[in-house]
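Notes to accompany the following structure.
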Amino acid sequence: MPDRDQMKRQFETLYGPGETRLFFAPGRVNLIGEHIDYNGGYVLPAAIEQGNYVMVRPRQDGVVNLAADDLPGTAVSCRLSELDSRRGREWGSYQLGVLDELIRAGVPVRGMDMLFSATLPFGSGLSSSASIEVVTATAALALAGASMNGTEIALLTQRAENSFVGVNCGIMDQFACANGREGCGMLLDCAAVRCEQIPLHLDGYSIVIGNTRKKRGLADSKYNERRAECEAGLAALRTKRKELRNLCDLTEEELEDLAPLIRDETVYRRVLHAVSENNRVVESVLLLKKGDIEGFGKLLNASHLSLRDLYEVTGPELDAMTESARAYPGCAGSRMTGAGFGGCTVSLVKNEAVEGFIETVSAQYEAAVGLHGEFYPTSAAAGPREL
Ligand code: GLA
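Numbering (our numbering) for the sequence shown: 891 to 1277.
Rendered as structure tokens:
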């Protein structure tokens, strides 16, 4: 957590003295269920301890000022009546997009001075954007004296990212950041937007996040390409199965029977990933409920291989880090997490092996790709709140 007094001093330097309130929303790590939220599948993310903080104070003049502790001065200033002109992907559009959606939903959003501080690396697959969106919504709702439940916040902030920022993301990230519960993963049915909290009794294992520090350069364009390939697959399957709503409604056996309908081999591999990944999520939850962590770890490995070979969203950095992780004794399983093409990995490591794991994987990763990775042992944490 950032030093609250220091944050307050910076806030007052920017905006003058007076009362402030402080809010937090977590980032997330997706344990399993990758690239299937937009295919109506099940995913299993968990909120993490790192996230975004915002210190805020209402203003009477309908102006919103945004600053961050690592950016000089007030980065963005905008009237609530002129939000529309700020659409785009700059820092600031994420927050303003959320305010725009809140206003559309009838919330009496107030002008505000805001100072953001992140403990989450930006653009590394841990949902820094969703975390900023959710903390903005949480603070703006509180200042307006309004409230929404976690599902409503998730759907609203996803809409903001889709329409205001222009990123066609699924529901997983915003949902996970808005609904975290300490010690739990969220089994989210993305088609119904319904979630079951799954206690993570990891029985002597820790969740270790590894940051490849390779920026996800291709992520946006490839993300849209994968979505389009999945849509093409669904359209082909619907020529025979008209009622089919989502790829993840299929079992692997059904897909095998319908395979000849999909003529494009690449599209078929994308579809096979989606259907098999959905099964792995369901199976993971059964194993977790039985306390079979090693079995769960094997599914993490299988998920990575499917993302590498069928869905093709990994890349040399994510592959090198997870390969080295998998080879380490005491690591039950390891995979990429998030959109891919860089960003982070998630591994399950025996508590007593964590230190050695970090040392060894870090050295092997650096030797393989020439980048210095970072590792954060983490646990499933709670959702957004006022501090
Ligand atoms: C990004 C998107 C999510 C999800 C993941 C891949 O994080 O924002 O909606 O599609 O990629 O699982």
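Just so it is clear, CB atoms sit at the ideal spot from N, CA and C, and this is done for glycine as well.
Query	Result
Let's test the definition: count the other Cβ atoms within 10 Å of the Cβ of VAL1172 and tell me whether it reaches 16, buried, or not, exposed.	exposed
Leaving aside the five residues before and after ALA1008 along the sequence, list all residues of the same chain whose C-beta is less than 6 Å from its C-beta, in chain order.	ASN942
Assuming contact is defined by CB atoms lying nearer than 9 Å, are GLY1094 and ALA1068 in contact in what I supplied?	no
Are the CB atoms of LEU1016 and VAL953 within a distance shorter than 9 Å?	no
Could you give the DSSP three-state label for GLN900: helix, strand or coil?	helix
Could you give the distance in angstroms between the alpha-carbon of LYS1188 and the alpha-carbon of VAL1083?	27 Å
Is it buried or exposed, LYS1180, if we count other Cβ atoms within 10 angstroms and call 16 or more buried?	exposed
Quick check on the DSSP output: what are the complete beta strand (DSSP E) runs of length 3 or more inside the stretch 1143-1227, in order along the chain?	1221-1227
Can you tell which of THR903, TYR928, CYS968, LEU992 has its C-alpha closest to the C-alpha of VAL1057?	TYR928
Could you give the first and the last residue of the continuous beta strand (DSSP E) run that contains ILE1061?	Looking at the DSSP string, ILE1061 is not in any beta strand (DSSP E), and its letter there is neither H nor E.
Using a Cβ-based criterion (distance less than 8 Å to any ligand heavy atom), does CYS1059 qualify as near the ligand GLA?	yes
List the endpoints of the continuous beta strand (DSSP E) containing ASP1003.	1001-1008
DSSP three-state call for VAL1012: helix, strand or coil?	Sequence check: residue 1012 is Phe here, not Val. Here PHE1012 sits in coil by DSSP.
From which residue to which residue does the alpha helix (DSSP H) around GLN1048 run?	1040-1050
Buried or exposed: THR1204, going by 16 or more other Cβ atoms within 10 Å of its Cβ?	buried
Measuring straight from C-alpha to C-alpha, what distance separates ILE926 and GLY1220?	29 Å
Quick check: what's the CA-CA separation for LEU1134 versus ALA1122?	13 Å
Per the DSSP calculation, PHE1247 is bridged to which residue(s)?	Partner(s): none; PHE1247 has no beta bridge.
Closer than 8 Å is the cut-off here; do at least three beta carbon pairs connect the stretch 1150-1157 with the stretch 1234-1249?	no
For VAL997 and ARG1216, what's the separation of their Cα atoms in angstroms?	48 Å
Considering only residues of the same chain and omitting the five flanking positions on each side of PHE1065, which have a CB-CB separation below 6 Å?	ALA1044, LEU1078
Measuring from the CB of GLY917, is there a heavy atom of the ligand GLA at a distance below 8 Å?	no
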